[in-house]
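Asker: Please read through the structure below; I'll follow up with questions.
Protein chains in written order, with our numbering: chain V, 1 to 76; chain E, 1 to 192.
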């Protein structure tokens, strides 16, 4: 279950954990993919297919970046 | 009656779709002011609603996460807010932020006591001490809120371009050639 309170509360709680920060990445990817698909095509079946393709691509790309940064952080 | 192959082509390729973009400059301006408004003006209602809901939801989530402090315009040497360049593409947020910035800077130059407009709505921090306080109070939410509002602005840039020039697939050279060929064929059929 997505912790919606992450989007609502800030001052009354401590810093976000790493997992919470990662969870906030999913709405960002979904909305970015959908809007990209909407602006690239006109028909809904094509839009949804493009959005799904972009979501996978974004996820893969940012996942790779995450792995690289995470690996580098282990040397600090 | 369309064959299965024709129906499949139609589902896979929307480059030949006929669109009336009306006045593209007006559409782009409306899309800048309110996400989806340009599409609404062009009669592309479903796209307008999708863009409005998606971009606005992302923006409000980010704004809320950062306690309403993450959207402001400031280009001083102490606080170079480069993220505002992305946020600028949401005009309804950008205009008050720019007005606040100009108002604050002129008050600082004149050396008068600082009186922020609209209870400080979208106002930049009055000093680096205040900016540090925001970062301390909102910690990682400040960065995440900034990211959300920045991405919302950049997504609206795509939407503005779509309202101005039509969907991206129209600008693909191969798709464009197919679209023009289909239009020429339709025109020739009409003449004959």
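For each residue, glycine too, the CB sits at the ideal point set by N, CA and C.
Can you check DSSP and say which residues form a bridge with residue 70/V?
Answerer: None; residue 70/V has no bridge partner.
Asker: I'd like the span of the alpha helix (DSSP H) that includes residue 34/V, first residue to last.
Answerer: First-last of the alpha helix (DSSP H) with residue 34/V: 25-40.
Asker: Just how far apart, CA to CA, sit residue 50/E and residue 36/E?
Answerer: Going by the C-alpha atoms only, they are around 8 Å apart.
Asker: Would you grab the beta carbon distance between residue 152/E and residue 62/E for me? Rounded to a whole angstrom, and I think it's under 8 Å.
Answerer: Confirmed, Cβ separation roughly 7 Å.
Asker: Given residue 111/E, which residues of its chain have a CB within under 7 Å of its CB, disregarding the five upstream and five downstream residues?
Answerer: So no residue of the chain qualifies.
Asker: Roughly how many angstroms lie between the CA atoms of residue 8/E and residue 192/E, to the nearest whole one?
Answerer: Interpretation of residue 8/E is limited by its pLDDT of 48, a score under 50 that renders its predicted location unreliable; the figure taken from the coordinates is listed afterwards. Taking the straight line from one Cα to the other gives about 28 Å.
Asker: Can you pull the chain E neighbours of residue 24/V, defined as C-beta to C-beta under 7 Å?
Answerer: What residue 24/V touches in chain E: 144.
Asker: Is it true that the region 116-134 of chain E meets the region 39-48 of chain E, where meeting means three or more beta-carbon pairs spaced less than 8 Å apart?
Answerer: Touching, no.
Asker: Report yes or no: is there a C-beta of chain V within less than 8 Å of the C-beta of residue 90/E?
Answerer: Not closer than 8 Å to any Cβ of chain V, the Cβ of residue 90/E fails to qualify, so no.
Asker: Name the chain V residues whose beta carbon is nearer than 7 Å to that of residue 167/E?
Answerer: By Cβ distance, chain V contributes 39, 40, 41, 42.
Asker: How many angstroms separate the CA atom of residue 50/V from the CA atom of residue 156/E?
Answerer: Distance between the alpha carbons of residue 50/V and residue 156/E: 18 Å.
Asker: Buried or exposed: which applies to residue 19/V, given that a residue is buried once 16 or more other Cβ atoms fall within 10 Å of its Cβ?
Answerer: Its Cβ having fewer than 16 others within 10 Å, residue 19/V is exposed.
Asker: What residues from chain V crowd round residue 161/E, counting only those whose CB sits closer than 8 Å?
Answerer: What residue 161/E touches in chain V: 39.
Asker: Strictly below 7 Å CB to CB, what residues from chain V border residue 112/E?
Answerer: Within chain V, no residue comes near residue 112/E; the closest Cβ sits about 31 Å away, beyond 7 Å.
Asker: Does the beta carbon of residue 35/V sit closer than 8 Å to a beta carbon anywhere in chain E?
Answerer: Yes, contact with chain E.
Asker: Counting contacts by CB-CB distance shorter than 8 Å, is residue 65/V in contact with chain E?
Answerer: By this cut-off, residue 65/V is not an interface position.
Asker: Nearest-angstrom Cα distance between residue 41/V and residue 19/E?
Answerer: Their backbone Cα atoms lie some 12 Å apart in a straight line.
Asker: Please check if any C-beta of chain V sits within less than 8 Å of the C-beta of residue 141/E.
Answerer: Yes, its Cβ sits closer than 8 Å to a Cβ of chain V.
Asker: Using DSSP with H/G/I as helix, E/B as strand and the rest coil, what is residue 75/E?
Answerer: The answer is strand: DSSP assigns residue 75/E an E or B state.
Asker: With H, G and I counted as helix, E and B as strand and the rest as coil, what does DSSP make of residue 131/E?
Answerer: Looking at residue 131/E - three-state DSSP - the assignment turns out to be helix.
Asker: Taking residue 93/E as the query, report the chain V residues whose CB atoms sit under 9 Å from its CB, ordered along the chain.
Answerer: Neighbours of residue 93/E on chain V: none; closest Cβ ~17 Å, over 9 Å.
Asker: Which whole runs of the alpha helix (DSSP H) in the region 81-123 of chain E are 4 residues long or more, in chain order?
Answerer: Counting only runs of 4 or more, we get 84-87, 91-110.
Asker: What residues in the region 52-85 of chain E bring their beta carbon closer than 8 Å to a beta carbon of chain V?
Answerer: Here the close residues are 54, 55, 57, 58, 61, 64, 65, 66, 67.
Asker: How many Å lie between residue 33/E and residue 160/E at the Cα?
Answerer: Each residue's Cα considered, the two are about 10 Å apart.
Asker: Could you tell me whether the region 58-71 of chain V touches the region 17-36 of chain V, using the rule of 3 or more Cβ pairs below 8 Å?
Answerer: Judged by Cβ distances under 8 Å, the region 58-71 of chain V makes contact with the region 17-36 of chain V, as three or more pairs qualify.
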